[in-house]
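See below for the structure under consideration.
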């Protein structure tokens, strides 16, 4: 092997080194998180592939990382994976039947509408059961966290409103045996996306007001 | 330069190539998004560093990427950056004064409680103004998207509930000149974190029920 060919090999090796590192991912974590928010979509058609217990737990961990008014954490979850059973439950008030029939699992995000605490006007007083004014807001943030985790994990899901519709809530609440003060807030059907659903561009600058409406 | 030293140089170049690419970030986009969800925290102390118009727009774009019941997109936003003015507005019902006094900007997430559409029982009928049953849920998802974008951008924010507290909503609504049907839902104070605030671990497996409560 001549010195010239060795020099050529050396040059080639350095070019490989350079190119392979130029090709390394350059996207910032900020952009990855933002892209995930912009890519989140309502997925309504799924393949037959199941979701794993580990995937479900990761989604629940993401849900429980939501902010909570006064840190009350009023949320709870019912996970349904027996499709025959959940199609029976939701057929009573059949909303999104077609979607549920394809989904691999359903997470019912629930929230306790009450909290036991000292009265605001008497912080040192005896705790009493009262309405939690932000139970619904916490449950909304929980549901959004789950949907964003779903997107990041390559899964798909759709948020189906349960609260405030009594024709939807009542059969779910009775079938799942929820306590009196616990509301079935949202029904998240999930699975592996069939690829038919795309995110919407909802950016409307006219919805932004600076300083005053 | 001898053949031996050229071979040594070639070997060295290849080792540099290998090591520099082994050192490239190996964290998946899934883990980056999940870590951001778990890192999101309520930030209540800020430095004096301002936020840029570009940062504000990115946060509003993230907010408007939220899911929306029936795709009504009832949200709108009032951005406040004149601190004297917003401290005056919020002093009327002073909630989180100390936090607002440190923040670089405030985003008031608003939502229209009404929608003009054909009646559900007559989809082809004349559109009429009716209550939007999911305006509050959409606004919750919008607020969470903004908080997650804030975390990803290295900023900090705290979600302050405005709705459903009339003592908080009324002065904000009148000061900002919101239309009658538009509610000031949440007040998001943001800025560059002073570093005092940490995320909470809220994972409680006992809050998960499988199949039934």
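Residue numbers (the working numbering), protein chains in the order written: chain H, 1 to 213; chain Y, 1001 to 1213. Note that CB positions come from ideal geometry on N, CA and C, so glycine has one too. Since this is a predicted model, take the numbers as computed values, not measurements.
**Q.** Contact with chain H by residue 1174 of chain Y, beta-carbon distance below 8 Å
**A.** no
Q) What runs of the alpha helix (DSSP H), each 4 residues or longer, lie entirely inside the stretch 1118–1194 of chain Y? A) 1135–1152 and 1166–1176
Q | Option nearest residue 52 of chain H by Cα separation, candidates H/104, H/138 and H/210 | A | H/104
Q: Would you identify the three-state DSSP class for residue 35 of chain H, choosing helix, strand or coil?
A: Helix.
Q) Taking just the CA atoms, how far does residue 81 of chain H sit from residue 1178 of chain Y? A) 45 Å
Q. Per DSSP, residue 1106 of chain Y is paired with what?
A. Y/1080 and Y/1189
Q: On a CA-only basis, which of Y/1038, Y/1054 and Y/1060 is nearest residue 1145 of chain Y? Give me that one, please.
A: Y/1060
Q: Just tell me which of H/158, H/183 and H/157 has its CA closest to the CA of residue 168 of chain H.
A: H/183
Q. What does residue 1208 of chain Y pair with, by DSSP beta-bridge criteria?
A. H/77.
Q | C-beta neighbour in chain H for residue 1135 of chain Y, strict 8 Å | A | no
Q: Report the option in Y/1039, Y/1073 and Y/1180 whose CA atom is closest to the CA atom of residue 1135 of chain Y.
A: Y/1073
Q: Could you work out which residue in H/41, H/107 and H/46 is closest to residue 1066 of chain Y when comparing CA atoms only?
A: H/41
Q: Taking only beta-carbon positions, decide if residue 1090 of chain Y is within less than 8 Å of chain H.
A: no
Q. Do we get a CB-CB distance below 8 Å when we pair residue 32 of chain H with the residues of chain Y?
A. By this cut-off, residue 32 of chain H is an interface position.
Q) Where does residue 1046 of chain Y fall in DSSP's three states? A) DSSP places residue 1046 of chain Y within a strand segment (E or B) once states are collapsed to three.
Q. If you draw a straight line from the alpha carbon of residue 1153 of chain Y to that of residue 1063 of chain Y, how long is it in whole angstroms?
A. 14 Å
Q. Under the three-state reduction of DSSP, which class applies to residue 1114 of chain Y: helix, strand or coil?
A. strand
Q. Is the CB of residue 145 of chain H under 8 Å away from at least one CB in chain Y?
A. Yes, its Cβ sits closer than 8 Å to a Cβ of chain Y.
Q. Taking the C-alpha atoms as reference points, what is the distance between residue 120 of chain H and residue 43 of chain H?
A. 42 Å
Q) Taking the continuous alpha helix (DSSP H) assigned at residue 62 of chain H, which residues delimit it? A) 53–64
Q. Using a C-beta cutoff of 8 Å, does residue 192 of chain H count as contacting chain Y?
A. no
Q | Nearest neighbour of residue 1047 of chain Y, chosen from Y/1209, Y/1173 and Y/1191 [CA to CA] | A | Looking only at Y/1209, Y/1173 and Y/1191, the smallest Cα-Cα distance to residue 1047 of chain Y is reached by Y/1191.
Q: Using a threshold of 8 Å, state whether the C-beta atoms of residue 1139 of chain Y and residue 1186 of chain Y are closer than that.
A: yes
Q: Answer with yes or no whether the minimum CB distance from residue 1180 of chain Y to chain H is below 8 Å.
A: no
**Q.** Under 8 Å between C-beta atoms of residue 174 of chain H and residue 1207 of chain Y
**A.** no
Q: Kindly say whether residue 1082 of chain Y, judged by its beta-carbon, lies nearer than 8 Å to any beta-carbon of chain H.
A: So, interface residue.
Q.
Can you check whether the C-beta of residue 183 of chain H is within less than 8 Å of a C-beta belonging to chain Y?
A. no
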